[in-house]
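Written below as structure tokens is the structure these notes are about.
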Amino acid sequence: MVCAETIVERLRAQGERLTVQRQWVIEALCASGEHLTVQQVQQLLAERSPALTETTVYRILQWLKERGVVAQTDLGQSGVVYQIIDREPHHHLVCLSCGQIVELDDDLMEGLRARLRQRYDFEPRIDHMAIFGLCRACRERGSDTD
Ligand SMILES: [Zn+2]
Ligand SMILES: [Zn+2]
Numbered sequence: 001m002v003c004a005e006t007i008v009e010r011l012r013a014q015g016e017r018l019t020v021q022r023q024w025v026i027e028a029l030c031a032s033g034e035h036l037t038v039q040q041v042q043q044l045l046a047e048r049s050p051a052l053t054e055t056t057v058y059r060i061l062q063w064l065k066e067r068g069v070v071a072q073t074d075l076g077q078s079g080v081v082y083q084i085i086d087r088e089p090h091h092h093l094v095c096l097s098c099g100q101i102v103e104l105d106d107d108l109m110e111g112l113r114a115r116l117r118q119r120y121d122f123e124p125r126i127d128h129m130a131i132f133g134l135c136r137a138c139r140e141r142g143s144d145t146d
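First residue of the sequence shown: 1, per this note's numbering; consecutive thereafter.
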């Protein structure tokens, strides 16, 4: 896991302005090391900074996303989550029926990245992707979802 200090230094070196609130959000994400929703980040920081609203946290997360620090992923029933982009990224399979989430290794994405570069001359940022579908249990239960 990348630590908060490294990220803050990297952004400073790029000439970015790091407010205290931006640093707190980075620290919260690093300390947790997990996927966090906007609400969870806000709650983690509520004690330190009661004035920090979900709207502000959301804006800071978007700012970090634009700078390639944070990945934003829609995990379906679990909501939209944010996570620090790691040197060893992972991805997810998400079942549309039961909401089960399985972790995927990044090596599966290498072929896709290579093809996107070749065929579309596009440098993809596949940092933390969710692939939706149906798990085996749900398929065997039949497609009786509503
Ligand atoms: Zn994940
Ligand atoms: Zn399922």
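Where a beta carbon is used, it is the ideal one built from N, C-alpha and C, also for glycine. Remember, it's a predicted structure, so these values are computed and weren't measured experimentally.
Counting only runs of 3 or more residues that sit fully inside the segment 23–90, the beta strand (DSSP E) segments are 70–74, 80–84, in chain order. In this structure, Leu-134 is the residue among Arg-115, Leu-134, Gln-118 with its C-alpha nearest to the C-alpha of Val-102. At least 8 Å separates the beta-carbon of Leu-75 from that of His-91. Taking 7 Å as the cut-off, one finds no heavy atom of ligand 1 near enough to the beta carbon of Gln-21. Nearest in C-alpha terms to Thr-37, of all of Phe-132, Val-94, Arg-125, Val-81, is Val-81. Nearest Cα to Gln-62 within the set Ile-26, Thr-6, Gln-100, Cys-30: Ile-26. Here the distance from the Cβ of Gln-83 to the nearest heavy atom of ligand 1 is below 7 Å.
Within the same chain, Lys-65, Tyr-82 come within 6 Å of Gln-72 by CB-CB distance, once the 5 residues on both sides are set aside.
In the structure shown, the three-state DSSP call for Glu-9 is helix.
Remark: the shortest separation between the CB of Cys-30 and any heavy atom of ligand 2 does not fall under 7 Å. By the Cβ neighbour-count rule, Asp-107 is exposed, with fewer than 16 other Cβ atoms within 10 Å of its own. Using a Cβ distance threshold of 8 Å, Leu-52 and Ala-28 do not count as a contacting pair. In this chain, Glu-110 is not harboured by any beta strand (DSSP E); it is covered by the alpha helix (DSSP H) spanning 107–120. In the three-state DSSP reduction, Glu-16 falls in the coil class, being neither helix nor strand.
Linking Ile-131 to Val-94 through their CA atoms gives a straight-line distance of about 6 Å.
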